[in-house]
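**Student:** My questions will all concern the structure given below.
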Amino acid sequence: MNKLLLIDDDKEVLKINTKYFKQKEYEVEYATSAKSALNKLKKFTPDCIILDVMMPGIDGFKAFTKIRDLCAAPIIFLTGCDSEDDKINGLLLGADDYMIKPYSLRELEARIQVVIRRYGLINNASLSDNASCIELPPLTINLSKHKAYYKNTDNSTEELMLNNKEFELLHLLAASPNEVFSFDEIGQKVWGGYIESDRKTIMVTASRLRKKLDAYPELSKFIETEWAKGYKLIYNIK
């Protein structure tokens with residue numbers, strides 16, 4: 004039975020959504036504020052979190068970063084604001100999907116199933132793979148911890164502070180060095196789907212990842228753009 008945490012300040016929406024998903028045999032917990040949600044997460048481990056953006060006090064974007072300190076479950080943002088900037092902001096934080104109100108509960112469930120399935124595949128692959136790390140010295144990508152590290156010349160290591168989507172894009176490219184991944188392939192593998200309007204989100208995510216890699220001289224220019232096609236990670240195996 005999949006577990007859901009619904010976070011929304013609209014109690015009527017929570018009531019309708021809770022009833023729907025319980026009928027679909029989900030285990031459901033809900034919270035009407037970020038503070039309440041954080042308390043729930045101390046005892047409840049969801050498979051997916053549905054998070055409203057426009058809440059009083061701590062909004063969904065601020066709540067996201069606090070939730071990430073407690074839980075790695077996929078997060079789908081819900082909002083009544085049809086703004087491209089808001090959508091990109093949410094996705095760049097590392098959210099797994101973004102839906103505009105009003106929405107179909109059937110579509111929301113389908114998206115929940117997609118992100119749960121994708122996270123399950125990622126976690127199973129990480130656990131079943133004999134090599135839980137991708138080593139591209141001085142870069143190490145730890146799949147089980149979902150973290151990337153840079154090894155300094157004195158053998159000390161620094162963690163690259165990547166959000167979920169930046170990590171997953173780096174993982175995808177690093178798993179097949181020097182191979183070009185199209186925008187469509189990146190969208191399918193990292194976001195679980197692709198339409199042409201997603202290209203901008205992918206480009207912004209790649210740009211942010213590049214800037215973080217550029218902070219380390221030996222990782223500078225690791226990611227190369229294939230004009231009008233997509234991206235690849237350049238690495239000369241020694």
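So the number in the numbering used here is just where the residue sits in the sequence shown, counting from 1, plus 3. We treat Cβ as the ideally placed atom computed from N, Cα and C, and that holds for glycine. In this text, all values refer to a predicted model and were calculated from it rather than measured experimentally.
1. Could you tell me if residue 45 is buried or exposed, where buried requires 16 or more neighbouring beta carbons within 10 angstroms of its beta carbon?
2. For residue 200, which of helix, strand or coil comes out of DSSP?
3. Using DSSP with H/G/I as helix, E/B as strand and the rest coil, what is residue 64?
4. Rounded to whole angstroms, how far is the Cβ of residue 100 from the Cβ of residue 109, which I believe are closer than 8 Å?
5. Is the number of C-beta pairs between the region 24-32 and the region 72-87 that are closer than 8 Å three or more?
6. Apply the 10 Å Cβ neighbour rule to residue 138 and answer buried if 16 or more other Cβ atoms are within range, or exposed otherwise.
7. Give a single yes or no on whether residue 182 has its beta carbon closer than 7 Å to a heavy atom of the ligand ZN.
8. Quick one: residues in its chain with C-beta nearer than 7 Å to the C-beta of residue 217, no 5 flanking neighbours on either side, listed in chain order?
9. Measure from the alpha carbon of residue 67 to the alpha carbon of each residue in 41, 84, 48, 230, then state which is nearest.
**Tutor:** Walking through what the data contain:
1. As a working mapping, residue 45 is identified with position 42 in the sequence shown. Burial call: exposed.
2. For the purposes of this step, residue 200 is identified with residue 197 of the sequence shown, where counting begins at 1. The answer is helix: DSSP assigns residue 200 an H, G or I state.
3. The sequence position of residue 64 within the sequence shown is 61, counting from 1. Three-state result, residue 64: helix.
4. Counted from its first residue, the sequence shown places residue 100 at position 97. Counted from its first residue, the sequence shown places residue 109 at position 106. Wrong, their Cβ atoms sit about 15 Å apart, outside the cutoff.
5. no
6. In the sequence shown, the residue the question calls residue 138 occupies position 135. So residue 138 ends up on the exposed side.
7. Among the components modelled here there is no ligand, and therefore nothing to report on the ligand ZN.
8. Within the sequence shown, numbered from 1, the residue matching residue 217 stands at position 214. Contacts found: 223.
9. To locate residue 67, count along the sequence shown from 1; it is residue 64. Of the listed residues, the one whose Cα sits closest to residue 67 is 41.
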